[in-house]
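Position 234 of the sequence shown, counted from 1, bears residue number 543 in our numbering, the numbering being contiguous throughout.
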Amino acid sequence: MSRTLRPTIQLAITAIFTPLVTVATMIFSIYVPSTRGFFNIGETMVYITALLFGPLIGSFAGGVGSMVADVLLGYSYYAPATLVIKACEGGIVGFLGRKRPKFSSNFQWKAFTFAVGLVAGVLLGYVGSLYYSGTVELYLGIPAPENPTLIFIPPEFWYALGALAVLSVTLMGFAFEPEFGWLILVIFVGGLEMVIGYFLYQQFFLGVAAIAEIPINIGQMLIGLIVSIPVVRAVLRALPSLKAS
Numbered sequence: 310m311s312r313t314l315r316p317t318i319q320l321a322i323t324a325i326f327t328p329l330v331t332v333a334t335m336i337f338s339i340y341v342p343s344t345r346g347f348f349n350i351g352e353t354m355v356y357i358t359a360l361l362f363g364p365l366i367g368s369f370a371g372g373v374g375s376m377v378a379d380v381l382l383g384y385s386y387y388a389p390a391t392l393v394i395k396a397c398e399g400g401i402v403g404f405l406g407r408k409r410p411k412f413s414s415n416f417q418w419k420a421f422t423f424a425v426g427l428v429a430g431v432l433l434g435y436v437g438s439l440y441y442s443g444t445v446e447l448y449l450g451i452p453a454p455e456n457p458t459l460i461f462i463p464p465e466f467w468y469a470l471g472a473l474a475v476l477s478v479t480l481m482g483f484a485f486e487p488e489f490g491w492l493i494l495v496i497f498v499g500g501l502e503m504v505i506g507y508f509l510y511q512q513f514f515l516g517v518a519a520i521a522e523i524p525i526n527i528g529q530m531l532i533g534l535i536v537s538i539p540v541v542r543a544v545l546r547a548l549p550s551l552k553a554s
């Protein structure tokens with residue numbers, strides 16, 4: 310990943326990706342009335358930015374971009390927490406994304422990748438089927454339309470997506486890149502900070518039933534994971550200088 314970008318280039322990238330985080334958070338969202346489940350693709354852009362450009366850019370773009378989206382969407386009471394939580398999330402993912410633990414063999418890496426892929430797939434199928442199934446409201450565009458598009462997502466969709474995630478990660482780890490599981494764990498750690506951060510803010514500052522939001526935030530992290538990692542790998546294949554710079 311990017312390590313020695315000049316300050317002017319870092320500033321330019323930050324100026325581009327901070328509003329991209331804002332737009333990604335605002336432009337597409339799904340709400341499930343029956344469970345109050347909600348997710349957008351803002352998490353995806355936070356992870357992409359952090360993994361491509363490191364902790365400083367990831368932290369600033371994640372925190373400021375997400376905070377601006379909260380303000381523009383009318384959730385100003387979340388803005389201070391979002392600034393801190395998403396900045397920490399982007400910083401964690403960007404920092405750990407540059408690290409690699411040392412395993413003694415490729416087999417250990419492959420086993421590690423399979424294990425984290427299995428956890429991600431099972432969680433995706435479980436959380437998705439419980440909290441993001443049924444008739445959902447799809448909002449697309451800025452500003453969001455007053456009348457959403459209604460679509461039906463069966464639980465089987467999430468089971469299939471979870472199974473596909475396990476198979477894809479396993480194939481990647483065993484056939485192409487044994488260390489692939491590290492990126493998944495990196496996002497898990499960053500996402501865990503996000504889940505805990507919002508839980509504490511909702512519980513102690515907003516006084517709402519924060520426990521109910523935990524699986525919903527986990528679901529948002531998982532969606533960000535399964536979208537961001539393929540995008541990052543594709544960008545690095547197309548622009549290998551990002552990895553070497």
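Here a beta-carbon is modelled for each residue, glycine too, at the ideal position from N, C-alpha and C. Every value quoted in this text rests on a predicted model; they were computed, and no experiment measured them.
Between Val393 and Tyr356 the beta-carbon gap is near 18 Å, outside 8 Å, which marks them as no contact.
Taking every protein chain shown into account, the CB of Ser413 has fewer than 16 other CB atoms within 10 angstroms, so this residue is exposed. Around Pro410, the same chain offers Trp491 as residues with beta carbons nearer than 8 Å, after the five sequence neighbours per side are excluded.
When the five nearest sequence neighbours on each side are left out, the beta carbons in the same chain lying within less than 7 Å of the beta carbon of Val541 are those of Ile357, Leu360, Leu361, in order along the chain. In the pairwise beta carbon analysis, the region 428-442 is classified as touching the region 468-478: at least three pairs are separated by under 8 Å.
Ranked by Cα distance from Phe369, the first of Val332, Gln319, Arg407 is Gln319.
Excluding five sequence positions before and after Ile451, the CB atoms of its chain that fall closer than 6 Å to its own CB belong to Met335, Ile336, given in chain order. By DSSP's assignment, Val445 forms a beta bridge with Ile460. Around the Cβ of Ile325, a 10 Å sphere holds fewer than 16 other Cβ atoms; the residue is exposed. The alpha-carbon separation between Leu551 and Glu486 amounts to approximately 18 Å. Taking the CA atoms as reference points, Glu522 sits about 11 Å from Phe348. Contact check for Met354 and Ala333: beta-carbon distance about 4 Å, within the 8 Å limit, so the pair qualifies.
Straight across, the Cα-Cα distance linking Tyr340 with Ala378 is about 17 Å. Membership of Glu522 in any alpha helix (DSSP H) is not indicated, and neither H nor E is assigned to it by DSSP.
Rounded to the nearest whole angstrom, the C-alpha separation of Ile322 and Ile366 is 8 Å. CA-CA distance, Val478 to Phe497, rounds to 15 Å. The C-alpha of Val380 is placed about 19 Å away from the C-alpha of Asn526.
Residue environment for Lys408: exposed (fewer than 16 other C-beta atoms within 10 angstroms of its C-beta). Closest in alpha carbon position to Pro364, among Gly351, Lys395, Phe483, is Lys395.
For Ile462 against Tyr448, the beta-carbon gap comes to about 15 Å, at or over 8 Å, which does not count as contact. Excluding the 5 residues flanking it on each side, Val373 has same chain C-beta neighbours closer than 6 Å at Thr327, in chain order.
A Cβ-Cβ separation of about 5 Å places Glu502 in contact with Glu398 under the 8 Å criterion.
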